[in-house]
Structures are given as C-alpha cells and as structure tokens.
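Protein sequences appear in the order of chains P and F. Following this note's numbering, the numbering of the first sequence begins with 1 at its first residue and continues without gaps. Following this note's numbering, the numbering of the second sequence begins with 1001 at its first residue and continues without gaps. Okay, structure first, notes after.
There are 2 protein chains.
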Amino acid sequence: MTKKDTITILEIAKMSGVNPSTVSRVLNHPEMVNEKTRERVMSFVKECNYQPNPFARGLQTKRSKIVALVVPNFTTLSFANLARGIQEKLMQKDYSMVIFSSHEDELLEKKICQKISELHIDGVIFASSMMPKYEELSIGIAKVFIDRDGSKEGIDTFILDVEGAFDKLIKYLVDKGHTKIGFVVGDKESFAGLKKVSAFKKAMIKYGLIVDENMIADAFWSSKEGWLATKKLLEKGNKPTAIVAGSDTLSVGVIGAISSMGLKVPKNISVIGFNNEPGSESLNPPLTTMEYDDYGMGQEVAEAIIDRINNPERDNLIKTYTMSIIERKTVRSLN
Amino acid sequence: MTKKDTITILEIAKMSGVNPSTVSRVLNHPEMVNEKTRERVMSFVKECNYQPNPFARGLQTKRSKIVALVVPNFTTLSFANLARGIQEKLMQKDYSMVIFSSHEDELLEKKICQKISELHIDGVIFASSMMPKYEELSIGIAKVFIDRDGSKEGIDTFILDVEGAFDKLIKYLVDKGHTKIGFVVGDKESFAGLKKVSAFKKAMIKYGLIVDENMIADAFWSSKEGWLATKKLLEKGNKPTAIVAGSDTLSVGVIGAISSMGLKVPKNISVIGFNNEPGSESLNPPLTTMEYDDYGMGQEVAEAIIDRINNPERDNLIKTYTMSIIERKTVRSLN
DNA sequence: CAGGGAACTGCAAACGTTTGCAGCAATATA
DNA sequence: TATATTGCTGCAAACGTTTGCAGTTCCCTG
C-alpha cells in the first residue's frame, strides 16, 4: 500500500470500477456524484494516497493554487511577520506561497512580475510596492495591495493607518508637555518614509506645533544610521525634548546616540519607537512604541486574495489597520 | 503585438512555418536545430513574448522548476538572510522558491513535506530541521540540509561550524584573561541550542576552564528572555567576568540586565554576541560578536540544490562555514 | 556511383487531468 | 400511458508541451 509510484486517476478509476471522469468529479464536485460511488472511490483515493497531478490539473483549469508575495525585503521584521501570517493562512486553505524580494528596485520588480506571469500564479500580494503599473502581469490575475492604495483600480487594499498612528503619538507627547519634537525617519525617499514624514508633519500642525525641517533626520533603516542621524540632529544645536523614531530598530540607534552624548533617556530626551519589534521591551529603558498586528493582517490579506481568485468580480475591499501606543519607559512627562 | 492572450507553441510554429516540435527544440535543445531556422523561430518567440506553459511542460518533463525552503521561522534574521540568498540565486537560475515555516513542529513539518510532494517540487532545502525521516516526501526528490548532517544518507550538507566558533570565542576571552565565563543560550532543547551548549562546554574544557551549569542560562531566543535569564544568572551569586550570548538579539537583553543591576559593560562584565545582526554595531557600547555570511551561504545552497536536481547521482557534498570574531567594544582585557 | 552517415525536421503519441455532451435509468408530470 | 425531468455516469476531446522514431536531404567515403 501507499505506493509512492505515480498513481493516476486512471488506476483509481479501474479499482473503483468507474470512469476517470467520475473520480475527478468525486474530487472536485462531490455533490454531483452518488453517495455510494463517492464513498467507494474515496476509499481507494485514501488507501492509495492518491494526489492529483498539479500539472495536468493546471493544464485544464489554468489554476496553480499558488500565490505570490512581493515584499521590499525579507529582513524587516514586520514583513517577516506578514509573510508568516500569509503563508500559514494560505497553507490552511490549500494554497502555497512563493516569495520575492524587490529591494524597492523597479527593474527587479518588473522581472518578478514577468516571472509571476510565467508561472501562471493565481494571485499576487504586493507589499509597499512603488511600481506604478504592472503591465508584465497577466491581465486577469488577482491582486492585493498592502500599504498602497489600489482602490481606484478596483484592487483590494490593506493599509496601515500611519496618519492615525502619528496623530495618537504626537497627541500623546503633547499631553505629556512636549513641544519640541524631533523625527528620525528611515529613507525619506522610500514609500514608507515619505508617508511617515507627511503623517508626522500633519500631526504636528494639527496639535499646533511648528515643524522644523532641521529636526527631521534621514537615516535609512538601520540602527547605525539612526545613531548617526540622531547625533547630527543634536549637534546642530537642536534641543528636542522628545524624538520619534521611524522604527524600533532606529530607536536603538537613537537611544545609543543620546547616551553617547552624555544624556539620558528619558530624563533629558524622551524617545518613542514604531512597530514594536520583539526585544524593544527589553531595551534599557524599555521602549515606548506603536504597534499593530502584522501577523493578523497577513492572515486577512491571504483570505482576501483567495476570495478574489475565486470571485474576480466582487467589489474591492479596503481595510485600514490602526496602531496603538504601548507605554513603557522612554517617555517622560514634563508636566 | 505582445498580445497577452495565451499564445502557444502552435502559433509560433505556424508563423515560423515549422512543426511545433521544432519550436520546442529551439527552446530546449537549440544545438539540435539549424541556425537559420533557430533564429527565425526565436525572432517570433521574442516578438510575441511567448512563454511556455509551465503546466504542459511539467506534465511532460515532471519538473516544476520550483524549490522549497523549509525554515523553523521567518523572523530570525539569519534565516531571513539565508532565504534572500537562496531566492536570488534561484531566480537568477530561472527557478522559483516556495517557503514554509515549520516552527520546529514535527507534525507541521510532515504536512509541509506532503504539500511539497503534492506540488511536484524539484528540490527541498531543510534548514535546522529536527525531523528524523521524511517518508512523506516523494522518493527521488533532491534534498539539501543546512545545519544538520545528512552525509550518511547521501544528502548535501551545509553546516555552520559552531564548534569552531566557540573555540575561537572562548580562546579570545581566555587570551584577554577571562576565566569565569557565563553563557546565555536560546532554548536549550532546540537543535540550535543543544549544539551551542555542547560547543561551549567543549571549548571551555579545551582551554582548561571549569564548566559550571549554574552559569549556563536558558532563555529562548528573545531579548526579553535574555534579560531575565541574565538577571537570574547574576542573582545566583555567580560572578562571571564575561557572558557569552547565543545570539545578538539575546545580547541586547544581557546588556540591559547588566546595566539594570548597576553594572557596566564592559567595565564590570564583558559581553560577546553571536551572528552579528545589523544594529549590533550601534548598540551602546557596540557589540563584539561572531559572524558568518548567511546570505552567501544561501547562494551556495541554492546552487547545490539546482546541481543536484540536474544530476541526482553525483557524490554528495558537505561544506562547513566558519565564523569569525568582530571586535567591537563589549569585551575588556583583564591583563 | 553506390552506400552510409550526419544533420535536420516532421509526425504522432504521451503526459494526467477536467468538462461538455450524450446516454440511460428512475422518477415525476400531464 | 406517454412525456418530461432529474440524477447519475461514461465518452471523448481538449489543455500545451516534449520526445522517440522515422523520413528526407545532403555530403562524404570507398
């Protein structure tokens, strides 16, 4: 039993004494076939551990049961969590996931799209992609955007409410008496960077604070860059009472830089992070930061793409995820 | 032109005035076909942007040009880097990668293996997998092991030389005059954890130091755990002059714990990390640690699996990667 | 000049499914 | 009782490739 030799639908049909088409129907449209036949066929299917050949099946159905995920990189923690959420949900729904990293490089993204269409993949999830158009993609393919608005094109869109997050965050600082607030952001030119800067400014203005460009430092996304940028920011003679970091990873550098200048967090300068990466709770002092559930988002995104694959004409949905503050020890009240 | 409609080998054949089989040969065995015909056919292939249908192709060749990567999780940085290296090399060689996270869960791993064989995937890369057997896998499938020895079974094996790393590391500390060395390791029960503990002990003994079980603290893999474990370790009354952490992430917690007890790194206690994660250079003080090139390893692993797919009978290869010390500021000389 | 390769190409079967159509029995309807 | 309907199943075409075999042309050799 359980022969690992390639056992086909034909053999199952012979064993069960029915036509291959009936076996196929048992597997794909069980309601079409008589209960007794169905059970008999299924018993052989199970006994032989029969697995339909995906090539033959795909050739007919033009479906691969594979979904592609395109992220800017694998190493940013929130993308890794996202990927995990997506992969697990897909697996659960009997889909598989191929993953591509675009490095925010348009040329590479094009190549990826081409590959995706070559592979006859059923759906694509683009996370924080910058590309304007996807002509390389096969026309009908299901798409979902994360952190980029595709609603005008009828594409499902999942957005992290960065504006709302900065609103909460600035309000929180203002309530604690802070007015001179610096911002250390990752790569200003990147999609994510631009969004954060604009959200930061908007919130500052809303709460009546003045936006000083000198207090916004560009740092790409590593801790080291965060350190350097913070140092520069402080050396310019700015005297912020609080610094917002574009990510928790950056915060590590921010705190390091502050300490290295003989100042203390939060005694002299308060710091607030973004994204609540694991480990942030164990920094010294533990980092106050903003969080959302990227894993859960991944799960919902996966559901959306499968739904879209099976129902291409449905209305596109748009969902935003809100972030909330995790209060720890890096923000001091000035009141 | 560039019609996105499904254009088949048949149409290309018609345009070029040859038989479909010739077109197929142009694509797969160009040396078999006359140069002039080849060029003519190719010109149409390009003009129409013809892409062979992977289902039809797979049905014939029984090859999917897809490789699976199974890792314990996506979020550990070294796995993310590994995945990146693998994915990029595969893409370059016209393969794609599906990825699965096993959570070091045997049941899940079984399901993954089953999925892999269902999908008719050409090869699998197992990273730090604990599973003893893979009966669920189709028999002939190409395999590569990372951090687990498969040489007896004729499987390509890529191993990180943890023993060598701990040897270097302990020697380095001993040379600086340290004799009382603590170790904060991630989950002792895990494959990676066990390996590190044994390597640590072996090196300690080699350099004539006594191994005190009280100085080996279990911590899973987060910074927070590292913090707690270190605190416990120090509260037991141990007085290590140096602490080795099982990963840089753990180091963050280790340093935090030391600082929170009013001690200073490296003045009172030296700390050395493992894996050189980005950001480690920006800690305060910058972390001395061990590194290796996980991205490069990924590239080589990908090459190995492709090679193995195309040449199943070749001798299995076994390669070890050595780690080296990155000296920064967390280790003090006692001499 | 006959015979034997070599170089190239066409023919057709095969890969393992899915699905529209048709057939057939059993049941419901007129 | 004749006819329509329903429920189930078989038949065979189709999906788009690859490849063994055989055929054709052309050149080389004896």
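Ideal Cβ placement from N, Cα and C applies to all residues, glycine included.
Worksheet item: Between which two residues does the alpha helix (DSSP H) harbouring K1193/F extend?
Response: The count along the second sequence starts at 1 and reaches residue 1193/F at position 193. Per the sequence shown, residue 1193/F should be read as Gly rather than Lys. Segment 1191 to 1206, the alpha helix (DSSP H) holding G1193/F.
Worksheet item: Hey, how far is the Cα of K1004/F from the Cα of L119/P?
Response: Taking the first residue of the second sequence as position 1, residue 1004/F is located at position 4. Taking the first residue of the first sequence as position 1, residue 119/P is located at position 119. For K1004/F, the predicted model reports a pLDDT of 43, less than 50, meaning its position is unreliable; a value from the coordinates is still stated below. Their Cα atoms are separated by approximately 14 Å.
Worksheet item: Which residues in the same chain as Y1321/F place their Cβ atom closer than 8 Å to its Cβ, once the five residues preceding and following it in sequence are excluded?
Response: Locating residue 1321/F in the second sequence gives position 321, counting from the first residue. Within the same chain, Y1321/F has close Cβ partners F1158, I1159, L1160, D1161, Y1292, D1293, M1297.
Worksheet item: Starting from G1296/F and walking both ways along the beta strand (DSSP E), at which residues does that stretch end?
Response: As a position in the second sequence, residue 1296/F is number 296, starting the count at 1. No beta strand (DSSP E) contains G1296/F, which is instead part of the alpha helix (DSSP H) from 1294 to 1310.
Worksheet item: How would you call R308/P, buried or exposed, if buried means at least 16 neighbouring beta carbons within 10 angstroms?
Response: Indexing the first sequence from 1 puts residue 308/P at position 308. Classification of R308/P: buried, given that the 10 Å Cβ count is 16 or more.
Worksheet item: Looking at the structure shown, is M1097/F part of a helix, part of a strand, or coil, going by DSSP?
Response: In the second sequence, counting from the first residue as 1, residue 1097/F sits at position 97. DSSP places M1097/F in strand when its eight states are reduced to three.
Worksheet entry | Cβ-based contacts, 7 Å cut-off: residues of the segment 64 to 77 of chain P near chain F | When CB distances to chain F are screened at a threshold of 7 Å, the residues of the segment 64 to 77 of chain P falling below it are F74, T75, L77, in chain order.
Worksheet item: Does DSSP put S280/P in a helix, a strand or coil?
Response: For this step, residue 280/P is matched to residue 280 along the first sequence. Note: S280/P maps to helix in three-state DSSP.
Discussion item. Taking its Cβ as the centre, do 16 or more other Cβ atoms sit within 10 Å of P1240/F, making it buried, or is it exposed?
Written reply: Here residue 1240/F refers to the residue found at position 240 of the second sequence. With a threshold of 16 other beta carbon atoms within 10 Å, P1240/F meets it and is buried.
Fill in: Where F1055/F sits in the DSSP three-state scheme
Your numbering for residue 1055/F matches position 55 in the second sequence. Residue state, collapsed to three classes: helix.
Fill in: Closest by C-alpha distance to F1145/F, when choosing among E1136/F, S1138/F, I1155/F
Residue mapping note: residue 1145/F aligns to position 145 of the second sequence, counting from 1. The option with the nearest alpha carbon to F1145/F is I1155/F.
Worksheet item: Would a C-beta distance cut-off of 8 Å place G1339/F and N1238/F closer than the cut-off?
Response: Any question about residue 1339/F goes unanswered here, given that chain F covers just 1001 to 1335.
Discussion item. Nearest by alpha-carbon distance to A203/P: which of K171/P, I306/P, D212/P is it?
Written reply: As a working note, residue 203/P is residue 203 in the first sequence. Closest by alpha carbon: K171/P.
Practice prompt. Determine the contact status of I66/P and D122/P, defining contact as a CB-CB distance below 8 Å.
Written response: Working through the first sequence from its first residue, we reach residue 66/P at position 66. Working through the first sequence from its first residue, we reach residue 122/P at position 122. For the 8 Å CB-CB criterion, I66/P and D122/P form a contact.
Practice prompt. Round the Cβ separation of V1071/F and S1117/F to the nearest angstrom and send it over; I've been treating them as touching at under 8 Å.
Written response: Locating residue 1071/F in the second sequence gives position 71, counting from the first residue. Locating residue 1117/F in the second sequence gives position 117, counting from the first residue. Between V1071/F and S1117/F, the beta carbon gap of about 19 Å keeps them out of contact (Cβ cut-off 8 Å).
Discussion item. I need the boundaries of the beta strand (DSSP E) containing F1158/F, first residue and last residue.
Written reply: Indexing the second sequence from 1 puts residue 1158/F at position 158. Unbroken beta strand (DSSP E) run through F1158/F: 1156 to 1160.
Discussion item. For E109/P, tell me which candidate among E213/P, A68/P, E88/P has the shortest Cα-Cα distance.
Written reply: Your numbering for residue 109/P matches position 109 in the first sequence. Considering only alpha carbons, the answer is A68/P.
Worksheet item: How many Å lie between E47/P and E1136/F at the Cα?
Response: Here residue 47/P corresponds to residue number 47 of the first sequence, with the count starting at 1. Here residue 1136/F corresponds to residue number 136 of the second sequence, with the count starting at 1. One alpha carbon belongs to E47/P, the other to E1136/F, and they sit about 15 Å apart.
Discussion item. Taking 7 Å as the cut-off, is the beta-carbon of L1027/F closer than that to any non-hydrogen atom of the ligand NAP?
Written reply: Of the ligands one can find in the structure shown there are none, so the ligand NAP has no counterpart to examine.
Fill in: Alpha carbon of Y207/P to alpha carbon of I1112/F, nearest angstrom
Your numbering for residue 207/P matches position 207 in the first sequence. Your numbering for residue 1112/F matches position 112 in the second sequence. Each residue's alpha carbon lies about 51 Å from the other.
Worksheet item: Can you tell me whether DSSP reads G253/P as helix, strand or coil?
Response: In the first sequence, counting from the first residue as 1, residue 253/P sits at position 253. When secondary structure is reduced to three states using DSSP, G253/P falls in the helix class.
Fill in: Inter-residue Cα distance where the pair is F79/P and A302/P
As a working note, residue 79/P is residue 79 in the first sequence. As a working note, residue 302/P is residue 302 in the first sequence. Looking at the two C-alpha atoms, the distance is approximately 14 Å.
Fill in: Per-residue DSSP class, three states only, for D1248/F
Here residue 1248/F refers to the residue found at position 248 of the second sequence. Looking at D1248/F - three-state DSSP - the assignment turns out to be helix.
Discussion item. Counting only C-beta atoms, is V331/P closer than 8 Å to chain F at any point?
Written reply: As a working note, residue 331/P is residue 331 in the first sequence. Not one chain F Cβ lies under 8 Å of V331/P.
Worksheet item: Shorter than 8 Å from the beta carbon of K115/P to some beta carbon of chain F?
Response: Here residue 115/P is taken as the residue at index 115 of the first sequence, counted from 1. Chain F places a beta carbon closer than 8 Å to that of K115/P, counting this residue as a contact.
Item to complete: Determine the contact status of A219/P and G186/P, defining contact as a CB-CB distance below 8 Å.
Response: Here residue 219/P is taken as the residue at index 219 of the first sequence, counted from 1. Here residue 186/P is taken as the residue at index 186 of the first sequence, counted from 1. It is a contact, given that the beta carbons lie within the stated cut-off.
Discussion item. Excluding the 5 residues flanking L1263/F on each side, which residues of the same chain have their C-beta closer than 7 Å to its C-beta?
Written reply: Indexing the second sequence from 1 puts residue 1263/F at position 263. So the list reads I1269, once near-sequence residues are dropped.
Item to complete: With DSSP as the reference, please indicate the residues paired to G1288/F in a beta bridge.
Response: Within the second sequence, the letter at position 288 stands for residue 1288/F. Going by the sequence as given, residue 1288/F is Thr instead of Gly. Note: T1288/F is bridge-paired with I1272/F in the DSSP secondary-structure output.
Practice prompt. Could you tell me whether the segment 86 to 99 of chain P touches the segment 31 to 48 of chain P, using the rule of 3 or more Cβ pairs below 8 Å?
Written response: Because the criterion of three Cβ pairs below 8 Å is not met, the segment 86 to 99 of chain P and the segment 31 to 48 of chain P do not touch.
Practice prompt. Assign Q299/P to buried or exposed, taking buried as 16 or more other Cβ atoms, counted over all protein chains shown, within 10 Å of its Cβ.
Written response: Here residue 299/P corresponds to residue number 299 of the first sequence, with the count starting at 1. Q299/P counts as buried, since no fewer than 16 other beta carbons sit within 10 angstroms of its beta carbon.
Discussion item. So E1047/F contacts chain P; which residues on that side make the cut at Cβ distance below 7 Å?
Written reply: The residue you call residue 1047/F lines up with position 47 of the second sequence. Residues of chain P with a Cβ closer than 7 Å to the Cβ of E1047/F do not exist, since the nearest Cβ in that chain sits about 16 Å away.
Worksheet item: Would you report the Cα separation of V33/P and I12/P, rounded to the nearest angstrom?
Response: Counting from 1 along the first sequence, the entry for residue 33/P is found at position 33. Counting from 1 along the first sequence, the entry for residue 12/P is found at position 12. Those two C-alpha atoms are separated by around 16 Å.
Fill in: F74/P (DSSP reduced to helix, strand or coil)
Mapped onto the first sequence, residue 74/P falls at position 74. In the three-state reduction of the DSSP assignment, F74/P falls in the coil class.
Worksheet entry | For G253/P, the nearest candidate out of V1174/F, L1090/F, L1287/F (CA to CA) | The residue labelled residue 253/P in the question sits at position 253 within the first sequence. Minimum Cα distance to G253/P is reached at L1287/F.
Worksheet item: Should E213/P be labelled buried (16 or more other beta-carbon atoms within 10 Å of its own) or exposed?
Response: Counted from its first residue, the first sequence places residue 213/P at position 213. E213/P should be labelled exposed.
Practice prompt. Determine the contact status of G1150/F and P1312/F, defining contact as a CB-CB distance below 8 Å.
Written response: Counted from its first residue, the second sequence places residue 1150/F at position 150. Counted from its first residue, the second sequence places residue 1312/F at position 312. Between G1150/F and P1312/F, the C-beta spacing is not below 8 Å.
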